[in-house]
Amino acid sequence: KTNLDSLRSESVLISVGFSLIFLLGIAGNSLVLAVLCRNGQMSTKTTNMFIFSLGVADLCFIVFCVPFQATIYTLDQWVFGPVLCRVVHFIIFLTMYASIFTLTAVSLDRYLAICYPLRSRQMRTPKNALISICLVWSLALVFSTPYLSYFSQMDLDGTLLCIPAWEPRPRFIMDLWTFIFGYLIPVLVLSLTYARTIRYLWTSVDPVKDKSESRRSKRKVTKMILIVAALFCLCWLPHHLVILCMWFGQFPLNHTTYALRILSHLVAYANSCLNPIVYALVSKHFRKGFQKVFSCSRTRREENRVHVIQAVNTAIFPPISFLLLNYEH
2 KTNLDSLRSE
12 SVLISVGFSL
22 IFLLGIAGNS
32 LVLAVLCRNG
42 QMSTKTTNMF
52 IFSLGVADLC
62 FIVFCVPFQA
72 TIYTLDQWVF
82 GPVLCRVVHF
92 IIFLTMYASI
102 FTLTAVSLDR
112 YLAICYPLRS
122 RQMRTPKNAL
132 ISICLVWSLA
142 LVFSTPYLSY
152 FSQMDLDGTL
162 LCIPAWEPRP
172 RFIMDLWTFI
182 FGYLIPVLVL
192 SLTYARTIRY
202 LWTSVDPVKD
212 KSESRRSKRK
222 VTKMILIVAA
232 LFCLCWLPHH
242 LVILCMWFGQ
252 FPLNHTTYAL
262 RILSHLVAYA
272 NSCLNPIVYA
282 LVSKHFRKGF
292 QKVFSCSRTR
302 REENRVHVIQ
312 AVNTAIFPPI
322 SFLLLNYEH
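Residues in the sequence shown are numbered from 2 upward in steps of one, following our numbering.
Here you go:
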């Protein structure tokens, strides 16, 4: 009975955790995309275009992955069929690759904008940013396509499960490949570019020139993107460490390791709802944009309420001309 109660309480906690991630992720990323589309600068500022791409990746991950993954840890079996078993895991890795590759691209964009502001103007155009985003998603598609066959629905002793279908050796190669190209190399590039950018900002800039509004704005944007990149690296690190421990270390299948695996997934998935919070805390531009979206929605509700009241009043108290016309007849 104690074990049963413990399993039930764990299922409730897992459901609550995934539900919070889902709700916060939907609301936050939808708000970010709305702000970027409303301000009219999404197609003229390269950083905003990259942030839009990152928001799309996070929103797709939240919508198409989190609800299905939550059922894996709360239900006894996979109930969505063999097609979704493959598609859900494919989208998980597609959006993961798209996010980390986008963060890598934007780190290079920030490096050029800060360290080579004049020479990089011809390179940092909206057209080139769009090409970079298309390249990012194309690479993400190439790297994640094998996962369409990596997972499969299987019947184990009458229980349907969505589990890896490949043999151990190909699985090991694929997991190692994902860690190297989906985490290690991008993190190294991020570390190198931001280290050089920060060094330039704090050591190679004349303090008199540093007071310009443009320079301060670039610092704030770089700070915001740096925090977003650091959060991604930290949130996805436990997930990759668990997989590496399964292959290279001692990772027996018991209650503790199972809890660690769930926790690593929760932390990784939580990353998709943290970025809007970072934008709101660090960027004055996004805070104003959020306020405008809320104020517009509030204004629309008030206008709708006025129209409803006017319609009701018209129905209950017809116009004077209508009453006079009926009275004359």
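C-beta: ideal position from N, C-alpha, C; glycine also.
If you're wondering where the values come from, they're calculated on a predicted model, not measured in any experiment.
Counting only the same chain and skipping the five closest in sequence on each side, list residues whose C-beta sits under 6 angstroms from that of C274.
As a working note, residue 274 is residue 273 in the sequence shown. Excluding positions up to five away in sequence, the list reads I22, L25, G26 and G29.
In the region 114-200, which residue ranges form an unbroken beta strand (DSSP E) of at least 3 residues, counting only runs that do not cross its ends?
Complete beta strand (DSSP E) runs here, min 3: 152-157 and 160-165.
Euclidean distance between Cα positions of A260 and G159
Taking the first residue of the sequence shown as position 1, residue 260 is located at position 259. Taking the first residue of the sequence shown as position 1, residue 159 is located at position 158. Going by the C-alpha atoms only, they are around 25 angstroms apart.
Out of curiosity, what's the CA-to-CA distance linking I101 and I186?
As a first step, residue 101 is located in the sequence shown; it is residue number 100 there, counting from the start. As a first step, residue 186 is located in the sequence shown; it is residue number 185 there, counting from the start. Cα atoms of I101 and I186: separation of roughly 10 angstroms, rounded to the nearest angstrom.
If you check the beta carbons only, do V89 and F69 fall under 9 angstroms apart?
As a position in the sequence shown, residue 89 is number 88, starting the count at 1. As a position in the sequence shown, residue 69 is number 68, starting the count at 1. Going by C-beta atoms, V89 is nearer than 9 angstroms to F69.
Hey, which unbroken runs of the alpha helix (DSSP H) at 4 residues or more fall wholly within the region 32-76?
Taking only runs of at least 4 residues, the alpha helix (DSSP H) segments lying wholly in the region 32-76 are 47-65 and 67-75.
Straight-line gap, T198 to K221 (C-alpha atoms, nearest Å)
On the sequence shown, position 197 is the one that residue 198 refers to. On the sequence shown, position 220 is the one that residue 221 refers to. Distance between the alpha carbons of T198 and K221: 13 angstroms.
Counted within 10 angstroms of its Cβ, other Cβ atoms place V307 as buried (16 or more) or exposed
Residue 307 sits at position 306 when you count from the first residue of the sequence shown. Summary for V307: the model assigns pLDDT 47, below 50, so the residue's position carries little reliability; its value from the coordinates is reported in the next sentence. V307 should be labelled exposed.
Distance, L238 Cα to V143 Cα
Counting from 1 along the sequence shown, the entry for residue 143 is found at position 142. Counting from 1 along the sequence shown, the entry for residue 238 is found at position 237. Using only the alpha carbons, I get a separation of about 22 angstroms.
Apart from the five residues just before and just after S150, which ones in its own chain have a Cβ nearer than 8 angstroms to its Cβ?
For the purposes of this step, residue 150 is taken as the residue at position 149 of the sequence shown. Excluding residues within five positions, the ones whose Cβ falls inside 8 angstroms are R87, A166 and W167.
Can you give me the Cβ contacts of Y112 inside the same chain, cut-off strictly under 7 angstroms, excluding the 5 residues immediately before and after it?
Taking the first residue of the sequence shown as 1, we reach residue 112 at position 111. The beta carbon of Y112 sits closer than 7 angstroms to the beta carbons of T194, R197 and T198 from its chain, once the five residues preceding and following it are set aside; these are given in chain order.
Cβ neighbour criterion (16 or more within 10 Å) applied to V209
On the sequence shown, residue 209 is found 208 positions in, with the first residue counted as 1. With a pLDDT of 47 at V209, under the threshold of 50, the modelled position of this residue cannot be trusted; read the value that follows with caution. Exposed, by the Cβ-count rule.
Since T105 and V190 should fall inside the 8 angstroms C-beta cutoff, what is the C-beta to C-beta distance between them, to a whole number of angstroms?
The residue given as residue 105 occupies position 104 in the sequence shown. The residue given as residue 190 occupies position 189 in the sequence shown. Right, the Cβ-Cβ distance comes to about 5 angstroms (below 8 angstroms), so this counts as a contact.
Assigned secondary structure, Y80 (DSSP; H/G/I helix, E/B strand, else coil)
Walking along the sequence shown from the start, residue 80 turns up at place 79. According to the sequence as given, residue 80 is Val; it is not Tyr. The DSSP-derived three-state label of V80 is coil.
With a threshold of 16 other CB atoms inside 10 Å of the CB of V17, please say whether the residue is buried or exposed.
For the purposes of this step, residue 17 is identified with residue 16 of the sequence shown, where counting begins at 1. Exposed, because fewer than 16 other Cβ atoms sit within 10 Å of the Cβ of V17.
Pop quiz: I164 and Y74 are said to be a contact at Cβ under 8 angstroms. What is the actual Cβ separation, rounded to whole angstroms?
Sequence index remark: in the sequence shown, residue 164 carries index 163 (1-based). Sequence index remark: in the sequence shown, residue 74 carries index 73 (1-based). So it is not a contact: roughly 13 angstroms between Cβ atoms.
Comparing alpha-carbon positions, which option in F65, F287 and I52 lies nearest P127?
Within the sequence shown, numbered from 1, the residue matching residue 127 stands at position 126. Of the candidates F65, F287 and I52, the one whose C-alpha sits nearest the C-alpha of P127 is I52.
From this set, K224, A58 and F182, which residue's C-alpha is nearest V279's C-alpha?
As a working mapping, residue 279 is identified with position 278 in the sequence shown. Nearest C-alpha to V279: K224.
If I'm right that C236 touches A269 with Cβ under 8 angstroms, what's the distance once you round it to whole angstroms?
Counting from 1 along the sequence shown, the entry for residue 236 is found at position 235. Counting from 1 along the sequence shown, the entry for residue 269 is found at position 268. With a contact defined as Cβ atoms closer than 8 angstroms, C236 and A269 qualify at about 5 angstroms.
Going by DSSP, what residue range makes up the alpha helix (DSSP H) through N276?
Counting from 1 along the sequence shown, the entry for residue 276 is found at position 275. Start and end: N276 to V283.
Alpha carbon to alpha carbon, how far is L161 from L254?
Walking along the sequence shown from the start, residue 161 turns up at place 160. Walking along the sequence shown from the start, residue 254 turns up at place 253. In a straight line, the C-alpha of L161 is about 19 angstroms away from that of L254.
Which listed residue (A231, W79, S12 and R172) has its alpha carbon closest to that of N276:
Within the sequence shown, residue 276 is the residue found at index 275, counting from 1. If we check each option's Cα against that of N276, A231 comes out closest.
Quick one: is S218 buried, meaning 16 or more other Cβ sit within 10 Å of its Cβ, or exposed?
The sequence position of residue 218 within the sequence shown is 217, counting from 1. Result: exposed.
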